[in-house]
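Have a look at the structure below before the remarks.
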């Protein structure tokens, strides 16, 4: 699967997004998170927010507990925060992803006209802490 991800990465970084998507559609195996992650990384390089949002949604389906995917989407561009806010579950500026033994959350704030993003990671040692708001 790594070789598929490398091909998608090369095509995407060359700006050949249509070719990268076509390659993914015709793979003999179903693309995994690495392949979609490579395309999302290329979207970040070229600031292709529209495709990046679509790819990120697929990544969130495949790997809902992978906080890195949310960070990659947020790094696309400041305009990408509109995409992230649509994914928020608790409020427009805060959402969380639950993973085994960890709680990862994202918060954005507008300071002096610039969106500031924070990544919160709390290691949950006590089982009772899993119910934290």
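Numbering (my numbering), first residue to last: -9 to 123.
A virtual CB, placed ideally from N, CA and C, is assigned to each residue, including glycine.
Closer than 8 Å by C-beta to residue i: which residues in its own chain qualify, once you throw out the five before and the five after it? Chain order, please.
i          : result
residue 25 : -9, -6, -5, -2, 14 and 17
residue 59 : 23, 27, 30, 46, 49, 50 and 53
Let's test the definition: count the other Cβ atoms within 10 Å of the Cβ of residue i and tell me whether it reaches 16, buried, or not, exposed.
i          : result
residue 38 : buried
residue 51 : exposed
residue 45 : buried
residue 55 : exposed
residue 99 : Only weak support is given to the placement of residue 99: the predicted model assigns it a pLDDT of 48, under 50, and the question is left unresolved by the model.
For a test of the three-state rule: what should DSSP assign to residue i, helix, strand or coil?
i           : result
residue 62  : helix
residue 16  : coil
residue 51  : helix
residue 44  : helix
residue 122 : In this prediction, residue 122 scores a pLDDT of 49, lower than 50, which makes its location untrustworthy; the coordinate-derived value is nonetheless stated afterwards. Here residue 122 sits in coil by DSSP.
Within a Cβ cutoff of 6 Å, which residues of the same chain sit near residue i, ignoring the five residues on either side of it in sequence?
i           : result
residue 65  : 34
residue 21  : 14
residue 129 : This structure leaves residue 129 out entirely; the chain is present only between -9 and 123.
residue 0   : none
residue 9   : 1
Got a sec? Which residues, its chain only, sit under 7 Å from residue i by beta carbon, not counting five neighbours each side?
i          : result
residue 36 : 5
residue 7  : 38 and 41
residue 11 : none
residue 3  : 32 and 35
Hey, quick one: how far does the alpha helix (DSSP H) through residue i stretch, first residue to last?
i          : result
residue -8 : -8 to 3
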